[in-house]
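Student:
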Amino acid sequence: MSITTRIGILTVSDRASAGTYEDISGKAIIDTLTVYLASDWEPVYRLVPDEAREIERMLERLVDEEQCCLVITTGGTGPAERDVTPEATEAVCDRLMPGFGELMRAESLKHVPTAILSRQTAGLRGSSLIINLPGKPRAIRQCLDAVFPAVPYCIDLMGGPYLECDEAVISAFRPGP
Amino acid sequence: MSITTRIGILTVSDRASAGTYEDISGKAIIDTLTVYLASDWEPVYRLVPDEAREIERMLERLVDEEQCCLVITTGGTGPAERDVTPEATEAVCDRLMPGFGELMRAESLKHVPTAILSRQTAGLRGSSLIINLPGKPRAIRQCLDAVFPAVPYCIDLMGGPYLECDEAVISAFRPGP
Amino acid sequence: MSITTRIGILTVSDRASAGTYEDISGKAIIDTLTVYLASDWEPVYRLVPDEAREIERMLERLVDEEQCCLVITTGGTGPAERDVTPEATEAVCDRLMPGFGELMRAESLKHVPTAILSRQTAGLRGSSLIINLPGKPRAIRQCLDAVFPAVPYCIDLMGGPYLECDEAVISAFRPGP
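Chains as they are written, first to last, in the numbering used here: chain R, 1 to 177; chain Y, 1 to 177; chain Z, 1 to 177.
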């Protein structure tokens, strides 16, 4: 019996979790992964307010209990008082992946000089990869297009499921030995 | 009654604080902000030696007591034994802004390969932004030109005063909603 | 009596330390430094498995006892479970040098999108510089070519020996005062 690949999508937003705002960012991530991935996968979608403890607990649950090999967050990465997603991510990760934030900011800088205000990071918890994306829907596809080619090989290296991409949309890069 | 916008300029230098060297870097920051900003502002200038505790206390005072919405430091960002400004900055900040250091180093790399030796960072203490600049006067304008377009919007997001730039000199970028 | 410049080369690899794999990466670093450096130097070569405590102790010995002004590691920088070289490096350093990792990843990104998976960093322990390189032999020369021009000046600033490069191969950059 093969186990379905599970990918966590965690929207961090006070307004969306209060129901006063539709979560179009979380939906945009699911839609993007749907066009990227050729292999089977299942989204595990969650929504929390901008509270460090709630973000941390949900990340722990998505990795430890829901068995997601990959968790993508959106929201809470800016300089506003309630933006604490990067701190919550660092708190639950064993090891950090600084290259993700560097590349996403460099990519966003091609479009807006305020890209440097995004504090997004990525890290590893056990054998799962957690990636922060910004909250703005238009930045989500830009950021994912930049970093996703490296994601399947990262998951290979951690002993996770083999993700296959729709090569007409995006190429997963796996270097030779 | 409107409150004047206060911006801290903190020079970190053993030699300048001992009076054996004129602080041209601090002055260069004030001069640059004077040509950048069209709205009213007031510099709060301070000078400390390369001592972590003194840097930390002065940053705390500039933010907590002097009510500066922005503090710009110069000096103490290299690899010499007494260079500890980034560590002092991280110690007083609640949250870090890695994009500032990344962009300033990338920009300086266009001019000198030793740009990677600059350990400068930026971060948030409460609702104030603290930015480290290198000590060399010629690097100050390069670094500020690179990051300043994002500074007014950052301060907006933290609920601070509305900074207006002289658009003939530099453009403050404020993305739409 | 002049003291010979000592440079530590530390290979971090379970397989190489178990003898099941020849350490071509450590050898590639020694070969590269041999063609780079015109001044006298002596390699201090060590090999440890991917164990955080062993890496930390060996870095401490190379700096504190073997008096290496520069230590270059290879291996253990990826996302696999046993890759812990960056964490061990941070644990023994007083101050970090984020610009090295940023530049090496940006340089490697020109060749492979998986460059963002490399978690390599650099830092200072006392007056010594420690630089992580990836484990793959082909990435070693790319990374060293990118960062080495800044290394001799870094060591100057820390009061270490004066390294001279073979200018036909690589230029050490030392900015004017």
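Note that beta-carbon positions come from the ideal geometry of N, C-alpha and C, so glycine has one too.
Out of E65(Z), C154(Z), L62(Z), which has the shortest C-alpha to C-alpha gap to L96(Z)?
Tutor: That would be C154(Z), whose Cα lies nearest to the Cα of L96(Z).
Student: Indicate whether L103(Z) and A146(Z) have their beta-carbon atoms separated by less than 8 Å.
Tutor: Yes, these two residues count as a Cβ contact at 8 Å.
Student: Spatial neighbours of E66(Z) within its chain, please: CB distance less than 8 Å, with the 5 preceding and 5 following residues excluded, ordered by chain position.
Tutor: Excluding sequence neighbours, E66(Z) sits near R6, G8, V44.
Student: When you compare only the Cα positions, how much space is there between M1(Z) and R125(Z)?
Tutor: Bear in mind that a pLDDT of 45 at M1(Z), under 50, signals an unreliable position, so the number given afterwards is only what the model happens to contain. Each residue's alpha carbon lies about 26 Å from the other.
Student: Can you tell me whether DSSP reads P98(R) as helix, strand or coil?
Tutor: Helix, per DSSP.
Student: Output yes or no for whether 8 Å exceeds the beta carbon distance between F100(Y) and V112(R).
Tutor: Their beta carbons are not under 8 Å apart, which means F100(Y) does not touch V112(R) by this criterion.
Student: Of all the CB atoms in chain R, is at least one closer than 8 Å to the CB of G160(Y)?
Tutor: No, no contact with chain R.
Student: Taking its Cβ as the centre, do 16 or more other Cβ atoms sit within 10 Å of T198(Y), making it buried, or is it exposed?
Tutor: No statement about residue 198(Y) is possible, as the shown extent of chain Y runs from 1 to 177 and does not include it.
Student: Who are the Cβ neighbours of Y36(R) in its own chain at under 8 Å, not counting the five residues just before and after it?
Tutor: Contacts found: L144, F148, C165, D166, V169, I170.
Student: Hey, which unbroken runs of the alpha helix (DSSP H) at 4 residues or more fall wholly within the region 53-93 of chain Z?
Tutor: If we require 4 residues or more, the alpha helix (DSSP H) runs fully inside the region 53-93 of chain Z come out as 85-92.
Student: In three-state DSSP terms, what is V151(Y)?
Tutor: V151(Y) falls in the helix class under three-state DSSP.
Student: Kindly indicate which three-state DSSP category Y36(Z) falls into: helix, strand or coil?
Tutor: If DSSP states are grouped into helix, strand and coil, Y36(Z) belongs with the helices.
Student: Under a CB-based cut-off of 8 Å, is E102(R) close to chain Y?
Tutor: Yes, its Cβ sits closer than 8 Å to a Cβ of chain Y.
Student: Just to confirm, is the Cβ distance from A139(Z) to S108(Z) under 8 Å?
Tutor: Yes.
Student: To the nearest angstrom, report how far apart L10(Y) and D40(Y) are at their CA atoms.
Tutor: Spanning the two alpha carbons is a distance of roughly 20 Å.
Student: Which residue or residues does DSSP assign as beta-bridge partners of P43(R)?
Tutor: DSSP lists I7(R) as partners of P43(R).
Student: Determine, using beta carbons only, whether V12(R) comes closer than 8 Å to chain Y.
Tutor: V12(R) does not count as touching chain Y.
Student: Using a Cβ-Cβ cutoff of 8 Å, what residues of the region 138-159 of chain R are near chain Z? List them in chain order.
Tutor: If the cut-off is 8 Å between Cβ atoms, the region 138-159 of chain R has V147, P149, A150, Y153, C154, L157, M158, G159 near chain Z.
Student: Check whether chain Y comes within 8 Å of P98(Z), counting only Cβ atoms and requiring the distance to be less than that.
Tutor: It does: the Cβ of P98(Z) has a partner Cβ on chain Y nearer than 8 Å.
Student: Please classify R53(R): is it buried, with 16 or more other beta-carbons within 10 angstroms of its beta-carbon, or exposed?
Tutor: Exposed is the call here.
Student: Mind pulling the chain Y residues with CB within less than 8 Å of S127(Z)?
Tutor: What S127(Z) touches in chain Y: E81.
Student: The beta strand (DSSP E) with A122(Y) in it runs from where to where?
Tutor: That run of the beta strand (DSSP E) goes 122-125.
Student: Would you kindly report the start and end of the unbroken alpha helix (DSSP H) that includes S17(Y)?
Tutor: From DSSP, the alpha helix (DSSP H) with S17(Y) extends over 14-17.
Student: Could you check the C-alpha separation between A18(Y) and E51(Y) for me, to the nearest Å?
Tutor: Rounded to the nearest angstrom, the two C-alpha atoms are 13 Å apart.
Student: Does L124(Z) come within less than 8 Å of chain Y when only Cβ atoms are used?
Tutor: Closer than 8 Å to some Cβ of chain Y, the Cβ of L124(Z) qualifies, so yes.
Student: Alpha carbon to alpha carbon, what distance is there between K110(Z) and A16(Z)?
Tutor: Straight-line Cα distance between these residues: approximately 29 Å.
Student: Taking 8 Å as the cut-off, decide whether the C-beta atoms of T114(Y) and V12(Y) are in contact.
Tutor: No, they are not a contact pair.
Student: Can you tell me which of the three DSSP states M1(Y) falls into?
Tutor: Model confidence at M1(Y) stands at a pLDDT of 45, short of 50, so the residue's coordinates are unreliable; what they give is reported in the following sentence. Reduced to three states, the DSSP call for M1(Y) is coil.
Student: Is T77(Z) buried or exposed, if buried means 16 or more other CB atoms sit within 10 Å of its CB?
Tutor: Buried: at least 16 other Cβ atoms inside 10 Å.
Student: Would you list the residues sitting across from V112(Z) in a DSSP beta bridge?
Tutor: Its beta-bridge partners do not exist; DSSP assigns none.
Student: Using 10 angstroms around the beta-carbon of T20(Y), count the other beta-carbons present and answer buried if the total reaches 16, otherwise exposed.
Tutor: Exposed is the call here.
Student: Closest to E60(R) by CA distance: which of E90(R), E42(R), L33(R) is it?
Tutor: Comparing Cα-Cα distances from E60(R) to each of E90(R), E42(R), L33(R), the minimum goes to E90(R).
Student: Between which two residues does the beta strand (DSSP E) holding S118(R) run?
Tutor: Where S118(R) is concerned, there is no enclosing beta strand (DSSP E), given that its DSSP letter is neither H nor E.
Student: Given that R95(R) touches chain Z, what residues does it touch there, using C-beta distances under 9 Å?
Tutor: P79, D83, V84, P86, E87, R119, listed in chain order.
Student: Indicate whether at least one CB of chain Y lies closer than 8 Å to the CB of P113(R).
Tutor: Yes, P113(R) lies at the interface with chain Y (some Cβ there is under 8 Å from its Cβ).
Student: If we ignore side chains and look at the alpha-carbon of each, how far apart do D156(Y) and V63(Y) end up?
Tutor: Distance between the alpha carbons of D156(Y) and V63(Y) is about 16 Å.
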